[in-house]
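Numbering (the working numbering), first residue to last: 421 to 545.
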Amino acid sequence: MHSEPAIVTTALQEINPEGFILKNDINTASLIAAYQAIMMGATFYSSTINKVQKENAIKRLNLDAIDCHILTLLDKKIKTKDMSNHIDLSLSAIEKRKTNIKNRLLKDNGNNAAIVIHAKKIRLL
């Protein structure tokens, strides 16, 4: 299988597989992890597949590195007021970016937890 983003994206959309491992990513540990995840009813995608999905989501949502950092901080449960300790932006700039992220991900409906859940669902985190 190819690791080109267009081919991977098409395969994921058309087939919606329970597991997807590229031959370059396969090893004993990943094969066992994939088997266990699928048997438990979850999905398993190899690291390259996850990377392609993340890159596609970032492009589609027009996110930059700072937006991705804000998502990571939200996932770590860092409060908005404390994010300026981690990002060289003012609190108001962080709040504006967070609002834009929420609008892109959730159409303005939801809190920080909902943002993180949706970001994980589309493999941004």
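Backbone N, C-alpha and C fix where the C-beta goes; we use that ideal spot for every residue, glycine too.
Exercise for the section: Sort out for me which residues DSSP pairs G439 with in a bridge. Expected result: When beta bridges are read from the DSSP output, G439 appears opposite F464.
Exercise for the section: Could you tell me whether any non-hydrogen atom of the ligand GTP is closer than 7 Å to the CB of L544? Expected result: For the ligand GTP, the structure offers nothing, since it holds no ligand at all.
Practice task
Could you tell me the distance, in whole angstroms, from the CA atom of L493 to the CA atom of M503?
Solution key: Taking C-alpha positions only, L493 is separated from M503 by approximately 7 Å.
Exercise for the section: Would you kindly work out how many angstroms separate the C-alpha atoms of K443 and A454, rounded to a whole number? Expected result: About 13 Å.
Handout entry: Uninterrupted alpha helix (DSSP H) stretches inside the region 448 to 507 (no shorter than 4 residues)
Key = The region 448 to 507 contains these whole alpha helix (DSSP H) runs: 448 to 459, 467 to 481 and 485 to 495.
Practice task
Give me the Cα-Cα distance between K501 and A477, rounded to the nearest whole angstrom.
Solution key: Straight-line Cα distance between these residues: approximately 26 Å.
Exercise for the section: Check L545 in the structure and name its three-state DSSP category. Expected result: DSSP places L545 outside both helix and strand once states are collapsed to three, so it counts as coil.
Exercise for the section: Measure the C-alpha to C-alpha separation of E549 and Y465 and round it to an integer number of angstroms. Expected result: Beyond the ends of the chain as shown, which are 421 and 545, falls residue 549; an answer cannot be given.
Exercise for the section: Measuring alpha carbon to alpha carbon, tell me which of A457, T468, T448 and I490 ends up nearest I427. Expected result: Comparing Cα positions, the closest option is T468.
Practice task
Could you spell out where the alpha helix (DSSP H) holding L509 opens and where it closes?
Solution key: Note, L509: premise wrong, no alpha helix (DSSP H); not H, not E.
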